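**Q**
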Amino acid sequence: MDQAKAAAAALEAKNYDEAIDLYTKALAQNTTAVAYYIGRSTAYQRTAPPNLDAALKDAELAVALAHKRGKRELIIDAQLRRAITLFTLGRYGDAQFVFGIVKKLDTQLKTLPMWESKLSIKFRDMPEDDERKNVTVAEVPDVEAPTEAPKPAQKASENKQTSTPTMQVTPADKIRYDWYQGGQDVTINILAKGVAENTANIEMDSRSLEVSFPTASGSTYAMNLDPLFAPIAKEQSTVKFFPSKVEVILRKAVPNQKWPALEGTPDATSTASEAAPISRPAPASTAAPSYPTSSRTGPKNWDKLVDDMTKKKSDKKEGGGDGDEDFDDLEDEGGDPANAFFKKLYKSADPDTRRAMMKSYQESNGTSLSTNWAEVSKGKVETSPPDGMEARPW
Numbered sequence: 001m002d003q004a005k006a007a008a009a010a011l012e013a014k015n016y017d018e019a020i021d022l023y024t025k026a027l028a029q030n031t032t033a034v035a036y037y038i039g040r041s042t043a044y045q046r047t048a049p050p051n052l053d054a055a056l057k058d059a060e061l062a063v064a065l066a067h068k069r070g071k072r073e074l075i076i077d078a079q080l081r082r083a084i085t086l087f088t089l090g091r092y093g094d095a096q097f098v099f100g101i102v103k104k105l106d107t108q109l110k111t112l113p114m115w116e117s118k119l120s121i122k123f124r125d126m127p128e129d130d131e132r133k134n135v136t137v138a139e140v141p142d143v144e145a146p147t148e149a150p151k152p153a154q155k156a157s158e159n160k161q162t163s164t165p166t167m168q169v170t171p172a173d174k175i176r177y178d179w180y181q182g183g184q185d186v187t188i189n190i191l192a193k194g195v196a197e198n199t200a201n202i203e204m205d206s207r208s209l210e211v212s213f214p215t216a217s218g219s220t221y222a223m224n225l226d227p228l229f230a231p232i233a234k235e236q237s238t239v240k241f242f243p244s245k246v247e248v249i250l251r252k253a254v255p256n257q258k259w260p261a262l263e264g265t266p267d268a269t270s271t272a273s274e275a276a277p278i279s280r281p282a283p284a285s286t287a288a289p290s291y292p293t294s295s296r297t298g299p300k301n302w303d304k305l306v307d308d309m310t311k312k313k314s315d316k317k318e319g320g321g322d323g324d325e326d327f328d329d330l331e332d333e334g335g336d337p338a339n340a341f342f343k344k345l346y347k348s349a350d351p352d353t354r355r356a357m358m359k360s361y362q363e364s365n366g367t368s369l370s371t372n373w374a375e376v377s378k379g380k381v382e383t384s385p386p387d388g389m390e391a392r393p394w
């Protein structure tokens, strides 16, 4: 929604009064948007003078709505906002309790150590019987979560004055969607006519997407993908409204990662694994490892194989050869540009990449070529014939 985007921009620009006004207008259109309550709570707290009671009320509404939706990331954001507001109000025992809830949900949150340090200083300087240490709140606030407000009916005279041809939204049971992907994005087309941007609710996180909007029959269409197959870059993802469809473009957090499906399976360790950089583990011993293989001659020592090929390549260069003969065994004759590309890739690759290319190509019977040794080293690379073809033992 345009008002919500403008409100977020005003908050970023530190125009807090404007942000409050815009978030209030956006909430009049969508009374259950968790992100809008979090944004307005932030603006209430930062305005001069701060309105901390209003900030806490919005934060508690955000927590109640997030729990109602059951979305982990929304719960974390809402509880964090609630904890910060409680700290600012001087309710340190309550703040410590809520920060503890946040920590259970996300141990990797970067701002937590700072708040824990601030609380430690406050508790150190307070007497033992200080009431500010007391815990008086529950995990979920005892507030009534708002529901979607019904649209006010227009008067007949207003209808006559403003009557313009409008396209009715496709009934919910006839709405379909399709999707496709490229290296950078996953595009979802929701095939529904006449969806107005100001009536749609879009909730997007790094691992979830929810799109809902009312239809002409009075029902609500909802698409809920939680979790998505892989993380997305929320800030670079977009939603566009067209007369015949709603287009959602999700920017992949990992470019060129192939999504076999839109939805994945819940993984309790996903938060930590997404945050951790991919690193190559140090070798456990100096002995070169052997890996599973389908060869009748038994396990292959791929380290030794690549070393031998590299040595041969060096010897052939000294003898006047072009040094690429060892990889020619993996190529078809005829000067295919793709083969030339892989030949060049192999020639300039590091030992781990070469090891991965050799092992994946040989074990998959020429149907797969990988440069990721960390993945390939885990076991045999299975044969993956192209679509429409079948692998047969010979």
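Following UniProt numbering, the residues of the sequence shown are numbered contiguously, the last one being 394.
No residue lacks a Cβ here, since even glycine has one placed at the ideal position from N, Cα and C.
As the structure is a computational prediction, the values presented were derived from the model and not from experiment.
(1) Can you find at least 3 beta carbon pairs, one from the region 239-257 and one from the region 171-191, that sit closer than 8 Å?
(2) Is Ile20 helix, strand or coil when you go by DSSP?
(3) What whole-angstrom Cβ distance do Val169 and Thr215 have, given they're in contact under 8 Å?
(4) Within this structure, are the beta carbons of residue 462 and Tyr37 separated by less than 8 Å?
(5) Going by Cα to Cα distance, which pick from Ala66, Lys122, Ala196 and Thr88 is closest to Ala78?
(6) With burial defined as no fewer than 16 other Cβ atoms inside 10 Å of the residue's Cβ, what is the status of Lys359: buried or exposed?
(7) Grouping DSSP H, G and I as helix and E and B as strand, with all else coil, what is Ile75?
(8) In terms of residues, what are the limits of the alpha helix (DSSP H) holding Gln3?
(9) Please state the DSSP three-state secondary structure of Thr170.
(10) Give the DSSP-derived three-state secondary structure of residue 429 in the structure shown.
(11) Just reading off the beta strand (DSSP E) that Met223 is part of, what are its end residues?
(12) Over the uninterrupted beta strand (DSSP E) stretch that includes Arg251, give me the two end residues.
(13) Less than 8 Å between the beta carbons of Ser219 and Ala172, yes or no?
(14) Starting from the N-terminal side, write out each stretch of the alpha helix (DSSP H) that is 4 residues or longer and does not extend beyond the region 108-149.
(15) Between the beta-carbon of Ser384 and the beta-carbon of Ser370, is there less than 8 Å?
(16) Could you tell me if Glu382 is buried or exposed, where buried requires 16 or more neighbouring beta carbons within 10 angstroms of its beta carbon?
(17) Kindly indicate the opening and closing residues of the alpha helix (DSSP H) around Ile101.
(18) Leaving out the 5 sequence neighbours to the left and right, which residues in its chain are closer than 8 Å to Lys258 when beta-carbon positions are compared?
(19) Tell me where the alpha helix (DSSP H) around Val376 begins and ends.
(20) Could you tell me how far apart the beta carbons of Ile190 and Ile202 are, in whole angstroms, since I believe they sit closer than 8 Å?
(21) Using the rule of at least 16 other Cβ atoms within 10 Å of the residue's Cβ for burial, across every protein chain shown, is Gly379 buried or exposed?
(22) Leaving out five residues before and five after Lys151 in sequence, what residues of the same chain have Cβ atoms less than 7 Å from its Cβ?
(23) For the candidate residues Ser244, Ala28, Leu112 and Phe97, whose alpha-carbon lies nearest to that of Val135?
(24) Tell me whether the beta-carbon of Lys208 lies closer than 8 Å to the beta-carbon of Glu73.
(25) Does the beta-carbon of Lys240 have 16 or more other beta-carbons within 10 angstroms, so that it is buried, or is it exposed?
(26) When the Cα atoms are used, what is the spatial distance from Ala6 to Tyr23?
(27) Exposed or buried, Asn30, counting other C-beta atoms within 10 Å across all chains shown (16 or more means buried)?
(28) For Glu363, report the span of its alpha helix (DSSP H) as first-last.
(29) Classify Ser208 as helix, strand or coil using the three-state DSSP reduction.
(30) Can you list, in chain order, the residues of its chain whose CB lies under 6 Å from that of Asp352, leaving out five sequence neighbours each side?
**A** Result, derived from the coordinates:
(1) yes
(2) Residue numbering aside, residue 20 sits at position 20 when the sequence shown is read from its first letter. Three-state DSSP puts Ile20 in a helix.
(3) Locating residue 169 in the sequence shown gives position 169, counting from the first residue. Locating residue 215 in the sequence shown gives position 215, counting from the first residue. Sure, about 5 Å apart at Cβ, within 8 Å.
(4) Outside the shown range of the chain (1 to 394) lies residue 462, about which nothing can therefore be said.
(5) The residue labelled residue 78 in the question sits at position 78 within the sequence shown. Checked all of Ala66, Lys122, Ala196 and Thr88; the closest Cα to Ala78 is Ala66.
(6) By 1-based counting over the sequence shown, the position of residue 359 is 359. That one is buried.
(7) Here residue 75 refers to the residue found at position 75 when the sequence shown is read from its first residue. In this structure, Ile75 counts as helix in the three-state DSSP scheme.
(8) Here residue 3 refers to the residue found at position 3 when the sequence shown is read from its first residue. Element bounds for Gln3: Asp2 to Glu12.
(9) Counting from 1 along the sequence shown, the entry for residue 170 is found at position 170. It is coil, neither helix nor strand.
(10) What is shown of the chain runs 1 to 394, which leaves residue 429 out entirely.
(11) Counting from 1 along the sequence shown, the entry for residue 223 is found at position 223. Per DSSP, Met223 belongs to the beta strand (DSSP E) from Thr220 to Leu225.
(12) Taking the first residue of the sequence shown as 1, we reach residue 251 at position 251. Start and end: Lys245 to Arg251.
(13) As a working note, residue 219 is residue 219 in the sequence shown. As a working note, residue 172 is residue 172 in the sequence shown. Yes.
(14) 112-125
(15) The residue labelled residue 384 in the question sits at position 384 within the sequence shown. The residue labelled residue 370 in the question sits at position 370 within the sequence shown. Not closer than 8 Å, so no.
(16) Looking up residue 382 in the sequence shown gives position 382. Result: exposed.
(17) Your numbering for residue 101 matches position 101 in the sequence shown. Tyr92 to Leu105 is the extent of the alpha helix (DSSP H) around Ile101.
(18) What you label residue 258 is simply residue 258 of the sequence shown in a count that begins at 1. Hits under 8 Å: Gln181.
(19) Indexing the sequence shown from 1 puts residue 376 at position 376. Counting along the chain, the alpha helix (DSSP H) containing Val376 begins and ends at Trp373 to Val376.
(20) Within the sequence shown, residue 190 is the residue found at index 190, counting from 1. Within the sequence shown, residue 202 is the residue found at index 202, counting from 1. About 11 Å; that fails the 8 Å criterion.
(21) To locate residue 379, count along the sequence shown from 1; it is residue 379. It counts as exposed.
(22) Residue numbering aside, residue 151 sits at position 151 when the sequence shown is read from its first letter. The pLDDT assigned to Lys151 is 45, lower than 50, so where the model puts this residue is not dependable; a value taken from the coordinates is nonetheless given after this. Correct list: empty, nothing qualifies.
(23) Here residue 135 refers to the residue found at position 135 when the sequence shown is read from its first residue. The option with the nearest alpha carbon to Val135 is Phe97.
(24) Here residue 208 is taken as the residue at index 208 of the sequence shown, counted from 1. Here residue 73 is taken as the residue at index 73 of the sequence shown, counted from 1. In the sequence as presented, Lys is not what sits at residue 208; that position holds Ser. Cβ atoms of Ser208 and Glu73: closer than 8 Å.
(25) Position 240 of the sequence shown holds residue 240. Result: exposed.
(26) Numbered from 1 along the sequence shown, position 6 holds the residue referred to as residue 6. Numbered from 1 along the sequence shown, position 23 holds the residue referred to as residue 23. Approximately 9 Å between the Cα atoms of the pair.
(27) For this step, residue 30 is matched to residue 30 along the sequence shown. When all chains shown are included, Asn30 counts as buried.
(28) By 1-based counting over the sequence shown, the position of residue 363 is 363. Where Glu363 is concerned, the enclosing alpha helix (DSSP H) stretches over Pro351 to Glu363.
(29) As a first step, residue 208 must be located in the sequence shown, where it is residue number 208. If DSSP states are grouped into helix, strand and coil, Ser208 belongs with the strands.
(30) In the sequence shown, counting from the first residue as 1, residue 352 sits at position 352. Excluding sequence neighbours, Asp352 sits near Trp373.
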